[in-house]
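Heads up, the thing below is written out as structure tokens.
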């Protein structure tokens, strides 16, 4: 699935913490279901926006259809 980088404001639903293994990970947005955040060893690294009509799935860490995710 294609994902757009978003420069809009927003807050992660959980604070970004330094991962033990140094990998990046994704966190949903606090208010907007189609926005999510990438965290890495530096903290909050980037914000992304799902394609129109899709929402971020916190389990699969991918964008998907709202009726399949239960949003």
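Residue numbers (our numbering): 349 to 419. Glycine residues also receive a C-beta, built at the ideal position from the N, C-alpha and C atoms. Here the structure is a predicted model, which is why all the values come from computation and not from measurement.
From the options, residue whose alpha carbon lies closest to that of residue i
i           : options       : result
residue 365 : 379, 410, 393 : 393
Terminal residues of the alpha helix (DSSP H) in which residue i lies
i           : result
residue 416 : 414 to 417
Cβ pair residue i, residue j closer than 8 Å
i           : j           : result
residue 413 : residue 402 : yes
residue 404 : residue 381 : yes
Residue range of the beta strand (DSSP E) that includes residue i
i           : result
residue 373 : 373 to 376
Own chain residues within Cβ distance below 6 Å of residue i, not counting five before or after
i           : result
residue 360 : 375, 385
residue 370 : 389
heavy atom of the ligand ADP below 7 Å from residue i C-beta
i           : result
residue 395 : Ligands in the displayed structure: none, and consequently the ligand ADP is not present.
Contact set for residue i: own chain, Cβ-Cβ below 7 Å, skip 5 residues either direction
i           : result
residue 391 : 364
Own chain residues within Cβ distance below 8 Å of residue i, not counting five before or after
i           : result
residue 367 : 373, 387, 388, 389
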